[in-house]
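Asker: Have a look at this one.
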Amino acid sequence: MKKTLLAIPFALLLTACGTPSVDDLIEDPELLRKIMRECGLLMMQGEDYDTEECKNAKLVQKKMMNNLLGNFRQKL
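This is the structure in C-alpha coordinates:
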(Lines of atoms letter the chains of each structure in order from A; the text may use other names.)
(Lines give C-alpha, C1' and ligand atoms only; values in the text may rest on other atoms or scores of the structure.)
Protein backbone atom coordinates (compact mmCIF):
# COMPACT_ATOMS: atom_id res chain seq x y z
CA MET A 36 0.00 0.00 0.00
CA LYS A 37 2.82 2.40 0.89
CA LYS A 38 4.57 1.74 -2.42
CA THR A 39 1.39 2.60 -4.29
CA LEU A 40 1.05 5.83 -2.36
CA LEU A 41 4.65 6.70 -3.20
CA ALA A 42 4.20 5.86 -6.88
CA ILE A 43 1.18 8.11 -7.35
CA PRO A 44 3.00 11.43 -6.70
CA PHE A 45 5.90 10.24 -8.86
CA ALA A 46 3.54 9.44 -11.75
CA LEU A 47 1.84 12.81 -11.36
CA LEU A 48 5.20 14.55 -11.30
CA LEU A 49 6.24 12.88 -14.55
CA THR A 50 2.93 13.74 -16.16
CA ALA A 51 3.07 17.36 -15.04
CA CYS A 52 6.67 17.92 -16.06
CA GLY A 53 6.69 15.90 -19.25
CA THR A 54 9.15 13.22 -20.22
CA PRO A 55 12.58 13.61 -18.63
CA SER A 56 15.27 14.07 -21.25
CA VAL A 57 18.50 12.10 -21.41
CA ASP A 58 20.32 15.06 -19.85
CA ASP A 59 17.75 15.24 -17.03
CA LEU A 60 18.31 11.58 -16.27
CA ILE A 61 22.10 11.95 -16.34
CA GLU A 62 21.86 14.80 -13.84
CA ASP A 63 19.37 13.00 -11.57
CA PRO A 64 20.46 9.41 -10.84
CA GLU A 65 17.54 8.92 -8.44
CA LEU A 66 15.04 9.70 -11.21
CA LEU A 67 16.93 7.38 -13.56
CA ARG A 68 16.75 4.61 -10.97
CA LYS A 69 13.00 5.07 -10.53
CA ILE A 70 12.34 5.03 -14.27
CA MET A 71 14.52 1.95 -14.75
CA ARG A 72 12.60 0.19 -11.99
CA GLU A 73 9.27 1.15 -13.62
CA CYS A 74 10.43 -0.06 -17.03
CA GLY A 75 11.65 -3.33 -15.51
CA LEU A 76 8.31 -3.89 -13.81
CA LEU A 77 6.43 -3.20 -17.04
CA MET A 78 8.67 -5.64 -18.90
CA MET A 79 8.23 -8.38 -16.26
CA GLN A 80 4.46 -7.91 -16.35
CA GLY A 81 4.44 -8.30 -20.12
CA GLU A 82 3.19 -4.77 -20.65
CA ASP A 83 4.37 -2.25 -23.22
CA TYR A 84 7.57 -0.61 -22.01
CA ASP A 85 8.40 1.10 -25.31
CA THR A 86 7.86 4.56 -23.81
CA GLU A 87 9.90 7.74 -24.11
CA GLU A 88 11.00 7.40 -20.48
CA CYS A 89 12.27 3.87 -21.04
CA LYS A 90 13.97 4.82 -24.30
CA ASN A 91 15.72 7.78 -22.64
CA ALA A 92 16.79 5.61 -19.71
CA LYS A 93 18.28 3.06 -22.13
CA LEU A 94 20.20 5.84 -23.89
CA VAL A 95 21.57 7.06 -20.55
CA GLN A 96 22.71 3.54 -19.68
CA LYS A 97 24.38 3.22 -23.07
CA LYS A 98 26.18 6.56 -22.63
CA MET A 99 27.32 5.61 -19.14
CA MET A 100 28.64 2.25 -20.36
CA ASN A 101 30.48 3.87 -23.27
CA ASN A 102 32.07 6.38 -20.88
CA LEU A 103 33.07 3.61 -18.50
CA LEU A 104 34.58 1.49 -21.27
CA GLY A 105 36.30 4.53 -22.77
CA ASN A 106 37.92 5.36 -19.44
CA PHE A 107 38.92 1.73 -18.95
CA ARG A 108 40.54 1.55 -22.39
CA GLN A 109 42.49 4.76 -21.77
CA LYS A 110 44.05 3.25 -18.65
CA LEU A 111 45.30 0.20 -20.57
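Heads up: the sequence shown begins at 36 in my numbering, then just goes up one per residue. We treat Cβ as the ideally placed atom computed from N, Cα and C, and that holds for glycine.
Is L60 near L67, with beta carbons less than 8 Å apart?
Answerer: Closer than 8 Å, so yes.
Asker: Have a look at A92 and N102 and give me their C-alpha separation to the nearest angstrom.
Answerer: Cα-Cα distance, rounded: 15 Å.
Asker: So for G81, helix, strand or coil by DSSP?
Answerer: It is coil, neither helix nor strand.
Asker: Would you kindly work out how many angstroms separate the C-alpha atoms of R108 and K97, rounded to a whole number?
Answerer: Straight-line Cα distance between these residues: approximately 16 Å.
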